[in-house]
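Here the structure comes first, spelled out in structure tokens, and everything after it is commentary.
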Amino acid sequence: MQQTFSLGPLTLNLTLVLLMLSHIVGYFVLKLRLSLAHYEHRSTILNELVGHAVTAFFIWKLSLIVTETRIVMEQPMSLLYYDGGSTGLLLAAIYVLIRLWLTSRKQRIPFIVYVDAVITWLAAAYGGFTLLMYFFGQGSFVVTITVSVIVFSMLGFQLFLKKTPGTFDVSIRNGAVAVMLLGMAAWAIADYQQEKWDEAQTVYDTVPGIDIGNAAREFTLSSIDGSPVTLSDYRGQTVILNFWATWCPPCRVEMPHIEKFHQQYKDDNVVVLAINLTHTESSTADVKQFIENMEFEAPVLFDPQGKVSKDYKITAYPTTFVVNPEGVITHRYQGAVSYSILKKAYEEL
1 MQQTFSLGPL TLNLTLVLLM LSHIVGYFVL KLRLSLAHYE HRSTILNELV GHAVTAFFIW
61 KLSLIVTETR IVMEQPMSLL YYDGGSTGLL LAAIYVLIRL WLTSRKQRIP FIVYVDAVIT
121 WLAAAYGGFT LLMYFFGQGS FVVTITVSVI VFSMLGFQLF LKKTPGTFDV SIRNGAVAVM
181 LLGMAAWAIA DYQQEKWDEA QTVYDTVPGI DIGNAAREFT LSSIDGSPVT LSDYRGQTVI
241 LNFWATWCPP CRVEMPHIEK FHQQYKDDNV VVLAINLTHT ESSTADVKQF IENMEFEAPV
301 LFDPQGKVSK DYKITAYPTT FVVNPEGVIT HRYQGAVSYS ILKKAYEEL
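Per UniProt numbering, residue 1 is the first one in the sequence shown, and the count goes up by one each step.
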């Protein structure tokens with residue numbers, strides 16, 4: 001599953017980009033609905049929701065300070081690459097609800113009107129996100145079709161009626177839509193988990209390669225102390241292959257996460273191999289000094305000729321592979337990975 005994509009020298013988070021695009025869809029669907037209903041406060045509602053949405057986004061991102069205080073203190077640039085996860089989303093949701101309630105009292109617009117507008121926005125965004133994820137190869141066909149048909153049928157019916165937001169029948173219908181969306185989200189998660197389980201039961205293509213399901217390509221590299229390390233030495237263990245360089249900003253940002261994962265799981269038959277792109281460095285001495293300064297204890301390997309990075313077709317930095325105990329690639333990530341991403345990948349094995 002591709003989590004990122006490259007745009008020139010930048011590596012962007014695919015899910016975050018699609019999420020932003022889907023909320024743009026939600027905004028325009030809500031704007032259309034308010035316009036068709038000729039609602040007198042439509043500009044006020046749209047402006048308030050956009051303002052709160054932007055603030056909620058920053059709360060979600062900056063809540064990383066609360067969830068990963070030590071890492072943010074060590075690597076402030078983490079705020080550019082990571083977010084506060086589910087805790088951040090909860091804080092953002094609480095903020096939006098409180099702000100909308102206060103705004104409704106101040107402007108004398110019924111709170112239910114804002115709730116109605118939020119449901120419309122989120123329903124359209126959810127439908128758009130599901131379609132976009134499937135288009136980029138990230139979703140199930142059955143889930144995508146089901147969610148899209150139900151969500152956009154409901155929204156189409158809502159637009160057709162042209163009812164004023166916040167009226168009793170509209171609120172009841174939107175409440176039903178919200179319940180259905182929660183049900184579909186739960187079903188989508190269950191369906192995805194079942195797909196992952198089914199995939200796990202299939203026989204992997206053991207031809208060496210770099211794709212999920214391929215056997216990880218064999219290599220032998222030298223560690224910091226000069227001893228040779230061969231990938232097959234770790235057969236029977238879960239191996240995290242992380243390709244990185246000292247000059248790469250996201251590589252530096254993710255190192256505390258890699259180290260945290262290493263410390264947490266090193267006694268659970270899990271090995272982290274941090275493969276330095278030594279052919280791009282000024283000297284191995286600089287790399288060793290960098291590792292010492294970072295207090296990075298996970299095993300570091302040198303790729304002086306760039307042969308291994310070429311074999312693994314590394315085009316974006318950092319890139320991380322998860323290799324299961326049978327030596328098969330199960331996950332591949334381009335861009336900075338977090339502790340939670342690695343933890344989730346390990347738990348899925």
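All C-beta atoms in this analysis are idealised placements derived from N, C-alpha and C, irrespective of residue type, glycine included. Model, not experiment: these values are computed from the prediction.
| query | result |
| --- | --- |
| Three or more C-beta pairs below 8 Å linking the segment 65-85 and the segment 243-262 | yes |
| Proximity below 8 Å, CB of residue 83 to CB of residue 97 | no |
| Reduced DSSP category for residue 285 - H, G, I as helix; E, B as strand; rest coil | helix |
| Residue 242 beta carbon less than 8 Å from that of residue 325 | no |
| Coil, strand or helix - residue 202 by DSSP | For residue 202, the predicted structure reports a pLDDT of 48, less than 50, and the residue's modelled location is therefore unreliable. A value from the coordinates is still provided. Coil at residue 202, not helix or strand. |
| Coil, strand or helix - residue 209 by DSSP | strand |
| Identity of the residue in 249, 330, 339, 22 nearest residue 132 by Cα | 22 |
| Close Cβ partners of residue 200 (< 7 Å) along its chain, the five nearest in sequence each way excluded | Low confidence applies to residue 200: its pLDDT is 47, below 50, so where it sits in the model is not reliable, and the reading given next is rough at best. Nothing meets the Cβ criterion. |
| Beta-carbon gap between residue 410 and residue 149 smaller than 8 Å | Since the displayed the chain opens at 1 and closes at 349, residue 410 lies outside it and no answer follows. |
| Distance between beta carbons of residue 45 and residue 113, contact taken as under 8 Å | 7 Å |
| Contact check, residue 231 vs residue 136, beta carbons under 8 Å | no |
| Residue 320 - partner residues in DSSP beta bridges | 242, 333 |
| Alpha-carbon to alpha-carbon, residue 117 and residue 263 | 46 Å |
| Alpha carbon of residue 56 to alpha carbon of residue 103, nearest angstrom | 15 Å |
| Minimum Cβ-Cβ distance from residue 346 to chain D less than 8 Å | Among the chains in the structure shown there is no chain D, since it carries only a single protein chain. |
| Residue from 349, 271, 216, 248 with nearest C-alpha to residue 278 | 248 |
| For residue 228, the first and last residue of its enclosing beta strand (DSSP E) | 228-230 |
| Contacts around residue 218, its chain only, beta-carbon distance under 8 Å, and the 5 residues preceding and following it disregarded | 208, 230, 231, 232 |
| Spatially closest choice to residue 19 from 99, 121, 79, by CA coordinates | 121 |
| Where the alpha helix (DSSP H) containing residue 278 begins and where it ends | Neither: residue 278 is in no alpha helix (DSSP H) and is coded neither H nor E. |
| Contact under 8 Å by Cβ, residue 349 with residue 261 | no |
| Beta-carbon proximity list for residue 306, same chain, < 6 Å, skipping 5 on both sides | 279 |
| Simplified DSSP state of residue 349, which is helix, strand or coil | coil |
| Anticipated Cβ contact below 8 Å, residue 276 with residue 316, distance rounded | Incorrect: roughly 16 Å between the Cβ atoms, too far for contact. |
| Inter-residue Cα distance where the pair is residue 58 and residue 80 | 11 Å |
| Range covered by the alpha helix (DSSP H) that runs through residue 54 | 42-62 |
| DSSP beta-bridge partners of residue 215 | 208, 328 |
| Residue 15 - containing alpha helix (DSSP H), residue span | 14-36 |
| Nearest to residue 107 (by Cα), restricted to the options 75, 43, 228 | 43 |
| Proximity test, residue 258 beta-carbon vs the ligand PLP heavy atom, cut-off 7 Å | The ligand content of the structure shown is nil, which means the ligand PLP is not present either. |
| Span separating the alpha-carbon of residue 89 from that of residue 109 | 26 Å |
| Endpoints, the beta strand (DSSP E) within which residue 135 is located | First-last for residue 135: 111-135, but that is the alpha helix (DSSP H), not the beta strand (DSSP E). |
| Under 8 Å between C-beta atoms of residue 213 and residue 329 | yes |
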